[in-house]
Each structure stands twice: as C-alpha cells, then as structure tokens.
Amino acid sequence: VMLAMFAALRGTWLGDPLGWGMVAACLCLATMVAGLYTKGLDVVSSLWIWGITAIATVAYFLITLSLTQKRNRQLRRLVQMSQGYSTIDTVTGLPIGANLLSKVDDVMWRSLQHGNESAVMAVWLDNLYELSDTVDHAIEHEIRQVMAARVRRTVGFRYVLGLQQARCFILAFAHLPERNLPQAKVYQLRKQLGRAIRVGTMQGQSAHYLPRVGLGLLFVPLDNPLTPLQVMDQAQALAQEALGTANEVLIRDVRPVPPATQATG
Numbered sequence: 001v002m003l004a005m006f007a008a009l010r011g012t013w014l015g016d017p018l019g020w021g022m023v024a025a026c027l028c029l030a031t032m033v034a035g036l037y038t039k040g041l042d043v044v045s046s047l048w049i050w051g052i053t054a055i056a057t058v059a060y061f062l063i064t065l066s067l068t069q070k071r072n073r074q075l076r077r078l079v080q081m082s083q084g085y086s087t088i089d090t091v092t093g094l095p096i097g098a099n100l101l102s103k104v105d106d107v108m109w110r111s112l113q114h115g116n117e118s119a120v121m122a123v124w125l126d127n128l129y130e131l132s133d134t135v136d137h138a139i140e141h142e143i144r145q146v147m148a149a150r151v152r153r154t155v156g157f158r159y160v161l162g163l164q165q166a167r168c169f170i171l172a173f174a175h176l177p178e179r180n181l182p183q184a185k186v187y188q189l190r191k192q193l194g195r196a197i198r199v200g201t202m203q204g205q206s207a208h209y210l211p212r213v214g215l216g217l218l219f220v221p222l223d224n225p226l227t228p229l230q231v232m233d234q235a236q237a238l239a240q241e242a243l244g245t246a247n248e249v250l251i252r253d254v255r256p257v258p259p260a261t262q263a264t265g
C-alpha cells in the first residue's frame with residue numbers, strides 16, 4: 001500500500017491529472033487494510049473500527065471504478081487518434097470528421113421532417129498561420145481557441161458547431177421557418193470575429209493578431225439533392241470566395257453538383 005501511495009504521489013508530481021484520485025484511493029486502501037488487521041488480530045474491538053473500515057472499503061472501490069473508467073476512455077481516445085479516427089478536435093473540443101458529418105446530416109434530416117429549410121454556415125479563418133513563423137507555432141492553437149469561444153458565444157449552444165478543418169468552422173441551423181435568424185447570426189459573427197486578439201501572453205511573446213475572416217451561408221431547401229459533405233464543401237468554398245467581397249459575407253442557396261463529364265473516345 002505504501003509503495004502504491006509513493007507511485008501515486010510521484011504521478012501527481014509529474015502532472016498526471018488522475019494522480020490525486022489515485023492518492024485518495026491509496027488512503028482508503030490503507031485505512032481498509034489497517035482496519036481489517038486490527039479486527040483480525042483483536043487489538044481493538046469497536047463498532048467504530050468496523051464502520052470506518054466499511055466506509056473506506058466502499059470509497060476505495062468507488063474511486064477505483066471511476067479512475068478505471070476515465071483511464072479506459074482516455075486509452076480509447078488515444079487509439080482512435082493514432083488510427084486517424086478522432087471525433088473531437090483536441091484544441092477546441094469541437095466535433096470533427098465523421099462526428100461532425102453525422103451531426104450536420106441529423107440537422108438536415110430533422111429539418112426535412114419538420115418541412116422547413118436548414119442552413120449551413122462556414123467561417124473561414126484565412127490568416128490562421130500568420131504568426132506561426134514569427135512568434136510561435138503554438139499561437140495558432142490559442143487563436144483557434146479564442147475564435148471557437150467567440151463563435152459559440154455569438155450563436156449560442158442550440159446549433160451544431162464543428163471544425164471541417166483547422167481554418168474552417170462549420171455551423172448548422174435546423175428547421176428554419178424563416179431566413180432571418182441565420183442571416184442575423186452571420187452578420188453578428190462578422191462583427192465579433194473581426195475584432196483584434198492579443199495572443200502569446202502565456203508564452204511571453206505577446207503579439208497583436210487581426211483575424212481575416214470570410215463567412216459563407218448556404219440555405220438548404222427541402223428538395224436538396226446534395227449530401228451533407230457536399231453542402232459543407234460548398235459552404236467552405238463560399239466562405240473563401242467571400243474574402244474577396246466588401247463585407248466578406250456571402251449568402252446563397254445550395255447549388256446542384258453538375259454530373260461528371262464522361263470522356264468520349
């Protein structure tokens with residue numbers, strides 16, 4: 001028990017986030033073992049000893065079960081990341097890949113069931129890597145965290161928010177009875193995301209960063225023939241195109257993908 005306690009304390013000192021939980025489990029285990037030996041050797045005969053031993057035993061197994069579940073969850077996440085199957089962006093905590101695709105697909109399906117349009121918005125951060133070479137490569141993570149927080153604070157938690165790639169945030173709006181709401185959100189986002197950011201303070205290399213953002217909003221009608229991935233790709237392309245406009249915002253309906261041209265011999 002003492003060796004386990006020293007190992008847990010060293011893990012805590014080395015930065016293990018579950019270290020203090022292991023220390024608490026070791027304390028409960030020590031109390032349990034001491035109580036069992038005390039009763040087994042008839043050193044002290046008291047109901048208090050039995051009560052403390054029982055409480056320590058229950059606490060030990062509960063803490064151990066909780067720590068095991070957390071460890072297994074982290075191991076599964078590491079396996080998924082190592083195999084390229086990660087569903088959450090580790091920097092912003094937003095859904096990515098197949099996870100984001102399924103959420104957008106669910107938005108479009110629910111809108112169809114309610115007989116209303118849906119909308120997909122892309123936020124393209126054009127100069128994300130602007131300070132990576134001059135300041136620090138970790139700056140881009142700080143920028144993404146700030147931008148994700150601004151997007152979430154502006155649109156709220158009712159709508160799907162994810163990352164199609166590092167520079168492209170995706171928003172999905174379900175069953176819209178009218179188009180005013182997403183149109184208002186896109187202009188609110190343009191105002192909030194265009195504000196300057198002071199980054200690099202924690203690294204001791206403070207820098208002034210002015211985001212260059214393009215926003216593309218696509219309305220998805222009920223007779224939409226496109227897949228969610230095609231809609232997201234169109235929204236991203238629209239956001240990139242919006243960078244060349246005066247207010248850096250473009251709004252339009254989805255466009256059917258033209259059939260592939262067949263080669264003739």
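For what it's worth, the numbering used here labels the leading residue of the sequence shown as 1, then goes sequentially. Positions of the beta carbon are idealized from the N, C-alpha and C atoms, including for glycine. On a predicted model such as this, the values are computed, not experimentally measured, just so you know.
Cβ-Cβ separation, residue j to residue i (assumed contact under 8 Å), whole Å
i: phenylalanine 169; j: valine 104; result: So it is not a contact: roughly 12 Å between Cβ atoms.
i: leucine 176; j: valine 160; result: At roughly 13 Å, the Cβ-Cβ gap does not stay under 8 Å, so leucine 176 and valine 160 are not in contact.
i: glutamine 183; j: threonine 154; result: Contact flag wrong, Cβ pair sits at about 14 Å.
i: alanine 119; j: phenylalanine 173; result: 4 Å
i: leucine 36; j: threonine 12; result: About 27 Å separates the two Cβ atoms, so there is no contact after all.
Cβ-based burial, residue i [other Cβ within 10 Å; buried from 16]
i: glutamate 178; result: exposed
i: arginine 167; result: buried
i: proline 17; result: exposed
i: aspartate 253; result: exposed
i: asparagine 72; result: exposed
i: phenylalanine 157; result: exposed
i: asparagine 224; result: buried
i: valine 220; result: buried
Opening and closing residue of the alpha helix (DSSP H) in which residue i lies
i: aspartate 270; result: Past the boundaries of the shown model lies residue 270; the chain is included only from 1 to 265, so the question cannot be answered.
i: tyrosine 187; result: 180-193
i: leucine 238; result: 228-242
i: alanine 149; result: 139-155
Contacts around residue i, its chain only, beta-carbon distance under 8 Å, and the 5 residues preceding and following it disregarded
i: valine 186; result: Met121, Leu215, Leu217, Val249, Ile251
i: isoleucine 63; result: Gly21, Ala24, Ala25, Cys28
i: valine 33; result: Val1
i: leucine 67; result: Leu18, Gly21, Met22, Ala25
9 Å Cβ cutoff met for residue i and residue j
i: proline 228; j: leucine 27; result: no
i: threonine 234; j: glutamine 164; result: Contrary to the premise, residue 234 reads as glutamine rather than threonine in this sequence. No; because the gap between Cβ atoms is not below 9 Å, this pair is not in contact.
i: leucine 267; j: arginine 212; result: There is simply no residue 267 to check, as the chain begins at 1 and stops at 265 in what is shown.
i: aspartate 106; j: isoleucine 96; result: no
i: lysine 39; j: tryptophan 48; result: no
i: glycine 93; j: alanine 148; result: yes
i: leucine 112; j: leucine 226; result: no
Host beta strand (DSSP E) of residue i (start-end)
i: leucine 250; result: 249-253
i: glutamine 37; result: The identity of residue 37 in the sequence shown is tyrosine, whereas the question assumes glutamine. Per DSSP, tyrosine 37 belongs to no beta strand (DSSP E); it is in the alpha helix (DSSP H), 19-40.
i: glycine 11; result: Per DSSP, glycine 11 belongs to no beta strand (DSSP E); it is in the alpha helix (DSSP H), 2-13.
i: arginine 198; result: 197-199
i: isoleucine 170; result: 168-176
i: glycine 214; result: 213-220
i: tyrosine 209; result: 207-209
i: leucine 163; result: 160-165
i: glutamate 117; result: 117-125
Close beta carbons around residue i, own chain, < 7 Å, minus the five adjacent residues each side
i: isoleucine 143; result: Leu128, Ile197, Val199, Tyr209
i: alanine 8; result: Gly19, Met22, Val23, Cys26
i: valine 146; result: Ile197
i: alanine 263; result: No answer about alanine 263 holds up, because its pLDDT of 42 lies below 50 and its placement is not dependable.
i: methionine 2; result: none
i: asparagine 116; result: His175, Leu176, Pro177
i: arginine 110; result: Ala174, His175
i: threonine 261; result: Its pLDDT being 40, under 50, threonine 261 is placed unreliably in this model, and the value from its coordinates should be taken loosely. Nothing meets the Cβ criterion.
Contacting residues, own chain, Cβ-Cβ under 6 Å from residue i (five flanking each side not counted)
i: glycine 265; result: The predicted model places glycine 265 with a pLDDT of 39, which falls under 50 and marks its position as unreliable; any figure quoted below should be read in that light. Excluding sequence neighbours, glycine 265 sits near nothing in its chain.
i: methionine 5; result: Cys26
i: alanine 207; result: Leu131, Val135, Val199, Gly200
i: glutamine 192; result: Arg150, Thr154
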